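2 protein chains.
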Amino acid sequence: MAYEGGTGSTRAAILKEARRCFAERGYEGTSLNDIAAGVGIRRASLLHHFPSKSAIYQAVFEQALADWGERISKSVDEPADPEEEGWTHVDRVLTEAVRWFAENRDFVRLVRHESLADGSHLGFDLGEALRPYFQRAVNYFEREMGAGRLRKLDPEQLIISGYGAVLTYFSDEHFLRGLLGRDPMDEKAIESRIQAIREFFRAALEP
Amino acid sequence: MAYEGGTGSTRAAILKEARRCFAERGYEGTSLNDIAAGVGIRRASLLHHFPSKSAIYQAVFEQALADWGERISKSVDEPADPEEEGWTHVDRVLTEAVRWFAENRDFVRLVRHESLADGSHLGFDLGEALRPYFQRAVNYFEREMGAGRLRKLDPEQLIISGYGAVLTYFSDEHFLRGLLGRDPMDEKAIESRIQAIREFFRAALEP
DNA sequence: GTCTATACTCGGATAGAC
DNA sequence: GTCTATCCGAGTATAGAC
Numbered sequence: 001m002a003y004e005g006g007t008g009s010t011r012a013a014i015l016k017e018a019r020r021c022f023a024e025r026g027y028e029g030t031s032l033n034d035i036a037a038g039v040g041i042r043r044a045s046l047l048h049h050f051p052s053k054s055a056i057y058q059a060v061f062e063q064a065l066a067d068w069g070e071r072i073s074k075s076v077d078e079p080a081d082p083e084e085e086g087w088t089h090v091d092r093v094l095t096e097a098v099r100w101f102a103e104n105r106d107f108v109r110l111v112r113h114e115s116l117a118d119g120s121h122l123g124f125d126l127g128e129a130l131r132p133y134f135q136r137a138v139n140y141f142e143r144e145m146g147a148g149r150l151r152k153l154d155p156e157q158l159i160i161s162g163y164g165a166v167l168t169y170f171s172d173e174h175f176l177r178g179l180l181g182r183d184p185m186d187e188k189a190i191e192s193r194i195q196a197i198r199e200f201f202r203a204a205l206e207p
Numbered sequence: 001m002a003y004e005g006g007t008g009s010t011r012a013a014i015l016k017e018a019r020r021c022f023a024e025r026g027y028e029g030t031s032l033n034d035i036a037a038g039v040g041i042r043r044a045s046l047l048h049h050f051p052s053k054s055a056i057y058q059a060v061f062e063q064a065l066a067d068w069g070e071r072i073s074k075s076v077d078e079p080a081d082p083e084e085e086g087w088t089h090v091d092r093v094l095t096e097a098v099r100w101f102a103e104n105r106d107f108v109r110l111v112r113h114e115s116l117a118d119g120s121h122l123g124f125d126l127g128e129a130l131r132p133y134f135q136r137a138v139n140y141f142e143r144e145m146g147a148g149r150l151r152k153l154d155p156e157q158l159i160i161s162g163y164g165a166v167l168t169y170f171s172d173e174h175f176l177r178g179l180l181g182r183d184p185m186d187e188k189a190i191e192s193r194i195q196a197i198r199e200f201f202r203a204a205l206e207p
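Heads up: the protein sequence lines correspond to chains A and B, in order.
Every letter in the first sequence is one number past the one before it in our numbering, and letter 42, counting from 1, is 42.
Every letter in the second sequence is one number past the one before it in our numbering, and letter 36, counting from 1, is 36.
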């Protein structure tokens with residue numbers, strides 16, 4: 001749990017703006033001036049709240065991963081018709097996940113920048129940190145495929161493919177705008193994307 | 001066509017090393033010192049061959065896109081059993097493409113860094129530059145799906161999904177190593193990946 | 001074509017006044 | 001907690017000798 005002293009609001013504002021900047025331009029592409037300007041304070045004042053640039057980066061990730069963990073718990077554990085199984089269950093979790101990514105593009109771009117880098121700015125390994133979630137998903141698919149409720153495919157490879165197919169759309173906005181010649185992030189486009197992902201995975205997974 | 005004067009070999013060495021560096025650490029993460037050290041000359045000497053850092057970056061992309069165009073022509077036009085159609089054709093082109101990406105990971109990482117960025121370092125829009133290839137693929141899928149030789153899905157969305165699923169594996173090496181707990185790029189792992197991609201798309205596309 | 005030397009800018013970080 | 005002032009290193013780019 002992060003320390004919350006006196007005026008936590010400045011710290012929160014810094015984290016918010018830093019997340020935006022790091023997501024947009026990556027670690028090297030973001031300067032303390034960029035963050036400070038967004039918050040409305042001076043560069044030196046940032047370093048009253050955090051000891052260094054990389055400390056800000058790490059704090060942004062701690063918060064982002066906490067949000068992610070909370071969201072996972074909600075979607076996978078909590079509600080859910082208990083008889084929900086096979087494709088119906090996958091479809092619901094997938095759809096909720098895609099909607100969350102669409103609404104949290106900063107998170108997606110942050111993760112993608114870090115995945116593409118060599119991890120030297122983050123104090124820990126992002127892949128290792130996400131491995132428990134990954135393993136849980138692998139176990140789920142193994143069970144459902146073994147029971148014949150989903151088509152038999154390699155679960156690890158399936159999840160990696162899904163990860164790439166889903167996250168790329170929301171991370172590479174500028175590229176897709178050029179490729180498609182239209183705005184890939186307006187409401188209608190995002191809804192089309194969600195439906196396309198659902199149909200694609202249904203075609204691949206329904207036995 | 002790029003100018004080739006007297007000692008083209010230094011220029012070529014610079015481009016080769018620059019491609020490696022930009023692919024590994026992106027535009028901001030690469031310094032002229034990094035490139036110069038790899039070539040075995042001094043920073044100032046780079047600027048005898050290219051007017052600026054961004055000019056080197058642009059030249060790297062020109063060359064990379066030329067390689068890409070050449071490769072596309074070979075695989076799509078040239079050989080091919082003329083009666084090859086439907087999934088059989090897609091499978092061959094897909095497999096050849098994935099193998100090429102596996103062997104040209106610098107190209108993949110270069111493209112992904114640029115896709116994730118806002119395009120301000122490149123003199124042109126990468127998405128627009130690739131649009132003709134994209135349109136050609138879209139037209140192909142429309143034809144085959146219309147003829148009932150492939151399952152009907154949205155062609156644009158399908159290609160974007162494939163783009164994300166295929167390229168992510170070869171760009172996010174460090175992340176995948178942490179996620180899987182093993183080397184995702186050894187020969188066996190890559191062969192498994194290729195087979196998994198083929199099976200996944202076969203499941204989704206075979207009518 | 002490559003080098004050294006240098007100019008200039010920017011980024012991260014610290015010291016100390018208010 | 002925020003500021004100004006300052007230090008230091010790294011980065012891009014240029015000038016000019018060899």
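By construction, the Cβ of each residue, glycine as well, lies at the ideal position given by its N, Cα and C atoms.
Predicted model, so just to flag it, every value in this text is computed and none were measured.
Start and end residues, alpha helix (DSSP H) containing residue i
i, result
"aspartate 91 of chain B", "86-103"
"serine 171 of chain A", "155-171"
"serine 45 of chain A", "43-49"
"glutamate 62 of chain B", "53-76"
"glycine 210 of chain A", "Shown here, chain A extends from 1 to 207; a query on residue 210 of chain A therefore has no answer."
"lysine 188 of chain A", "187-205"
"leucine 32 of chain A", "32-39"
"glycine 119 of chain A", "Careful: glycine 119 of chain A lies outside any alpha helix (DSSP H) and carries neither H nor E."
"glutamate 83 of chain A", "Here glutamate 83 of chain A belongs to no alpha helix (DSSP H), and DSSP marks it neither H nor E."
"glycine 8 of chain A", "8-25"
Neighbourhood of residue i by C-beta, 6 Å cutoff - its chain only, sequence neighbours within 5 removed
i, result
"leucine 167 of chain A", "Val108"
"proline 155 of chain B", "Val138, Phe141, Glu142"
"glutamate 187 of chain A", "none"
"arginine 11 of chain B", "His49"
"asparagine 208 of chain A", "A question about residue 208 of chain A goes unanswered here, because the residues of chain A that appear run from 1 up to 207."
"serine 54 of chain B", "His121"
"lysine 152 of chain B", "Met145"
"aspartate 67 of chain A", "none"
Contact belief for residue i with residue j at Cβ below 8 Å, rounded distance in angstroms
i, j, result
"glycine 38 of chain A", "glutamate 17 of chain A", "4 Å"
"leucine 122 of chain A", "serine 115 of chain A", "At roughly 11 Å, the Cβ-Cβ gap does not stay under 8 Å, so leucine 122 of chain A and serine 115 of chain A are not in contact."
"arginine 131 of chain B", "alanine 64 of chain B", "17 Å between Cβ atoms; not a contact."
"glutamate 199 of chain A", "methionine 185 of chain A", "That pair is no contact at about 20 Å."
"glutamate 62 of chain A", "glycine 178 of chain B", "Not really, about 17 Å apart at Cβ, beyond 8 Å."
"glycine 164 of chain A", "glycine 164 of chain B", "4 Å"
8 Å Cβ shell around residue i - same chain, five flanking residues per side excluded
i, result
"leucine 150 of chain A", "Gly86, Trp87, Val90, Phe141, Glu144, Leu205, Glu206, Pro207"
"histidine 113 of chain A", "Phe22, Ala23, Gly26, Tyr27"
"arginine 71 of chain B", "Trp100"
"alanine 117 of chain B", "Gly26, Tyr27"
"alanine 36 of chain A", "Arg42, Arg43, Ser45, Leu46"
"valine 93 of chain B", "Ser75, Val76"
"serine 9 of chain B", "none"
"arginine 202 of chain B", "Trp87, Asp91"
"leucine 15 of chain A", "Ile56, Ala59, Val60, Gln63"
"glycine 148 of chain B", "Pro207"
"leucine 176 of chain A", "Tyr169, Pro184"
"asparagine 104 of chain B", "Asp67"
"glutamate 84 of chain B", "Arg92"
Own chain, CB closer than 7 Å to residue i, minus 5 neighbours either side, in chain order
i, result
"glycine 146 of chain A", "none"
"alanine 102 of chain A", "Phe170, Ile190"
"valine 98 of chain A", "Val166, Ile194, Ile197"
"threonine 95 of chain A", "Ile194, Arg198"
"threonine 30 of chain B", "Cys21, Phe22"
"aspartate 106 of chain A", "Arg19, Arg20, Ala23"
"alanine 13 of chain B", "Val39"
"leucine 158 of chain A", "Phe141"
"glycine 119 of chain A", "Asp125, Leu126"
- Pairing CB atoms from the region 54-65 of chain B with CB atoms from the region 51-67 of chain A, are three or more of them under 8 Å? no
- Message: Tell me whether the region 128-137 of chain A and the region 182-202 of chain A touch, counting them as touching only if at least three CB pairs, one residue from each stretch, are closer than 8 Å.
- Response: no
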